[in-house]
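Okay, so here's the structure we're looking at.
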Amino acid sequence: MSDLALPALSGNALFPSGFLRASAGYILSRQQADGAIPWFDGGYADPWDHVEAAMGLSIAGEYAAAEKAYGWLADIQLADGSWWAAYKDGEVHNRERRESNFVAYIATGIWHHYLIEEDKNFLRRYWPMVERAVEFVLALQTGHGEIHWAVDGDGRPKEDALITGCSSIYKSLECAINIAHSLGQSRPRWIEGRAQLGRALREKPERFDRTWESKARFSMDWFYPVLTGVFSGSAARARLQKKWDEFVVAGLGCRCVSDEPWVTVAESCELTMALVAAGERSRAAKLYRALHRWQDGDGGYWTGYVYRDKAIWPEEKTTWTVGAMLLAADALAGLTPASGLFTSVRLLSDPAQNTEGVDCLHQLELSGSQG
15 MSDLALPALS GNALFPSGFL RASAGYILSR QQADGAIPWF DGGYADPWDH
65 VEAAMGLSIA GEYAAAEKAY GWLADIQLAD GSWWAAYKDG EVHNRERRES
115 NFVAYIATGI WHHYLIEEDK NFLRRYWPMV ERAVEFVLAL QTGHGEIHWA
165 VDGDGRPKED ALITGCSSIY KSLECAINIA HSLGQSRPRW IEGRAQLGRA
215 LREKPERFDR TWESKARFSM DWFYPVLTGV FSGSAARARL QKKWDEFVVA
265 GLGCRCVSDE PWVTVAESCE LTMALVAAGE RSRAAKLYRA LHRWQDGDGG
315 YWTGYVYRDK AIWPEEKTTW TVGAMLLAAD ALAGLTPASG LFTSVRLLSD
365 PAQNTEGVDC LHQLELSGSQ G
């Protein structure tokens, strides 16, 4: 497929007219009767990307469809709180592993939906699912603070850790703690687990990629610690600037990996939100506006573009890419009460402590991330 023309956006518009409805419509058209949201028609669903698409539905006001998506995960959650890596047509598609960041992400989705709809009964209904998921994930945390990336088919930990995966878990633990505190539940172990994970991500790089080649060529390892609040302020800005020229192609977007001429829409959206989190809103808006060239007539967005060949690749319009477009739009335009979820860190006070004590803990974490 040849290069695409950038649609004209009037003035400082962040997205074209009808963007919300068209994007939500695309996700809705791929959602299955049981609530699952596969990558595309005929594809599989994985727990992380399923939640990403569900969050897009919440932003667009499709609350019933989003809740159906979360209901699907509740229905298929395993007894130990986890999910398999992938599902297809009502069956398990991948029994080789269960990934910790996939499991943790349910807390992010549930908290995101609650921030928008503000239905405490929704939180109560899915609290047991979130609690089981978080306990599964924290059982994989080592004494150094990092969290093993997966367990195998027999439940044995795959003993290594990913910067991107652990960064995602760091945000999910923030959301899980807020869910617990909103429901009057004190979870000091979760608070400590999150603090230990943050210290590992900031101070112990040797605990990641120990048994395989470094993942530093992946852009997500670069910006995810900013997107999820591990680094903030000047430390976040310095981190993004350090590899900007390595990963960002002007006018096109963010590369998936530094050594391939391939920009991807979802990574570009997540980088957009990381920029907002770091206080680089103008740069974020410029990056985001250029992404609408990748929207197709059915509302979907192509996954990526090989600029060397001037070709869309792969020729797939993934639901999670559309979800990422909606999340970035919300972060920039403040469309919903959840717009700040990925651009700020907020820990609600522990019901077993006074607010001042929790605020002190939060400030210590933030000062550590800027040191």
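Its first residue numbered 15, the sequence shown is counted upward by one per residue in the numbering used here. The beta-carbon is built from N, C-alpha and C at its ideal position, and this holds for glycine as well.
How many Å lie between residue i and residue j at the Cα?
{"i": "L266", "j": "D259", "result": "13 Å"}
{"i": "F29", "j": "S37", "result": "11 Å"}
{"i": "I130", "j": "S353", "result": "9 Å"}
{"i": "A214", "j": "R224", "result": "14 Å"}
{"i": "L355", "j": "C189", "result": "9 Å"}
{"i": "D373", "j": "E217", "result": "For D373, the pLDDT reaches just 40, beneath the cut-off of 50, and the residue's location in the model is therefore unreliable, although a value from the coordinates is still provided. Answer to the nearest angstrom: the Cα atoms are 22 Å apart."}
{"i": "M234", "j": "I177", "result": "8 Å"}
{"i": "M143", "j": "R170", "result": "22 Å"}
{"i": "G32", "j": "Q309", "result": "12 Å"}
{"i": "R470", "j": "F245", "result": "Lying outside 15 to 385, the shown extent of the chain, residue 470 is not represented and no answer is given."}
{"i": "E370", "j": "A99", "result": "With a pLDDT of only 44 at E370, under the threshold of 50, the placement of this residue in the model should not be trusted; the figure read from the coordinates follows. Cα-Cα distance, rounded: 40 Å."}
{"i": "Y84", "j": "E145", "result": "14 Å"}
{"i": "Y58", "j": "D103", "result": "8 Å"}
{"i": "A366", "j": "N135", "result": "22 Å"}
{"i": "D344", "j": "S282", "result": "15 Å"}
{"i": "T357", "j": "V290", "result": "6 Å"}
{"i": "R201", "j": "D60", "result": "28 Å"}
{"i": "V263", "j": "R297", "result": "13 Å"}
{"i": "A27", "j": "R139", "result": "38 Å"}
{"i": "A19", "j": "R307", "result": "Caution is warranted here: a pLDDT of 46 is assigned to A19, below 50, making its placement in the model unreliable, and no coordinate value can be reported."}
{"i": "F54", "j": "K331", "result": "7 Å"}
{"i": "S248", "j": "T278", "result": "27 Å"}
{"i": "L340", "j": "P328", "result": "21 Å"}
I'd like to know whether the C-beta atoms of residue i and residue j end up nearer to each other than 8 Å.
{"i": "D273", "j": "R221", "result": "no"}
{"i": "H195", "j": "D364", "result": "yes"}
{"i": "L288", "j": "L346", "result": "Note that residue 288 is Ala in the sequence shown here, rather than Leu. For A288 and L346, no; Cβs fall outside 8 Å."}
{"i": "A74", "j": "L137", "result": "no"}
{"i": "S114", "j": "I161", "result": "yes"}
{"i": "E66", "j": "G337", "result": "yes"}
{"i": "K172", "j": "R111", "result": "yes"}
{"i": "G293", "j": "R251", "result": "yes"}
{"i": "T335", "j": "Y315", "result": "yes"}
{"i": "L87", "j": "I120", "result": "yes"}
{"i": "T286", "j": "L301", "result": "yes"}
{"i": "Q210", "j": "G243", "result": "no"}
{"i": "W236", "j": "D174", "result": "no"}
{"i": "R253", "j": "V240", "result": "yes"}
{"i": "L197", "j": "W141", "result": "yes"}
Figure out for me which residue from the options has the closest Cα to the Cα of residue i.
{"i": "G402", "options": "T156, T225 and E173", "result": "Since the first residue of the chain shown is 15 and the last is 385, residue 402 is not available in this structure."}
{"i": "R123", "options": "C270, A78, A68 and P142", "result": "A small fix is needed here, since residue 123 is Gly in this sequence, not Arg. Of C270, A78, A68 and P142, the residue nearest in Cα terms is A68."}
{"i": "F150", "options": "R295, K134 and I183", "result": "I183"}
{"i": "G39", "options": "V290, D312, E330 and A343", "result": "D312"}
{"i": "A153", "options": "N135, A118, P52 and H127", "result": "A118"}
{"i": "E132", "options": "W86, A99, E81 and H107", "result": "E81"}
{"i": "H126", "options": "V263, N192 and T286", "result": "N192"}
{"i": "D94", "options": "D168, A78 and T278", "result": "D168"}
{"i": "A280", "options": "Y321, K257, R322 and T333", "result": "T333"}
{"i": "A342", "options": "P202, R295 and F261", "result": "R295"}
{"i": "Q46", "options": "W62, K256 and Y101", "result": "Y101"}
{"i": "K324", "options": "P275, D63 and M339", "result": "P275"}
{"i": "G207", "options": "C180, Q199, D174 and G70", "result": "C180"}
{"i": "D166", "options": "Q91, S96 and P219", "result": "S96"}
{"i": "R303", "options": "W327, C268, P328 and E329", "result": "C268"}
{"i": "Q91", "options": "F261, G70, V148 and A79", "result": "V148"}
{"i": "Y163", "options": "R203, R253, F116 and I205", "result": "Before going further, note that residue 163 is Trp rather than Tyr in the sequence given. Residue F116 is the option with its Cα nearest to W163."}
{"i": "S72", "options": "L241, L42 and W62", "result": "L42"}
Could you spell out the range, first to last residue, of the alpha helix (DSSP H) harbouring residue i?
{"i": "C189", "result": "I177 to S196"}
{"i": "Y101", "result": "From DSSP, Y101 is part of no alpha helix (DSSP H) but of the beta strand (DSSP E) over A100 to K102."}
{"i": "D63", "result": "P61 to I73"}
{"i": "Y58", "result": "Unbroken run through Y58: none, as it is neither H nor E."}
{"i": "R303", "result": "R295 to R303"}
{"i": "G39", "result": "F33 to R44"}
{"i": "D364", "result": "First-last for D364: undefined, no H or E at that position."}
{"i": "A292", "result": "Where A292 is concerned, there is no enclosing alpha helix (DSSP H), given that its DSSP letter is neither H nor E."}
{"i": "W86", "result": "Y77 to I90"}
Name the two residues that bound the continuous beta strand (DSSP E) containing residue i.
{"i": "N108", "result": "E105 to N108"}
{"i": "I113", "result": "At residue 113 the sequence reads Glu, which differs from the Ile that was named. R111 to E113 is the extent of the beta strand (DSSP E) around E113."}
In this structure, what does DSSP give as the bridge partners for residue i?
{"i": "Y315", "result": "Q309"}
{"i": "T278", "result": "C268 and G318"}
{"i": "F237", "result": "DSSP output for F237 lists no bridge partner at all."}
{"i": "D166", "result": "R111"}
{"i": "Q155", "result": "I161"}
{"i": "V262", "result": "C268"}
{"i": "A252", "result": "Looking at the DSSP assignment, A252 forms no beta bridge with any residue, so it has no partner."}
{"i": "I326", "result": "Y319"}
{"i": "K218", "result": "Answer is none; K218 lacks a bridge partner."}
{"i": "P351", "result": "Partner(s): none; P351 has no beta bridge."}
{"i": "K172", "result": "A164"}
{"i": "F232", "result": "V271"}
Counting only beta-carbon atoms, is residue i nearer than 8 Å to chain C?
{"i": "L341", "result": "Chain labels in this structure do not include chain C; a single protein chain is all it has."}
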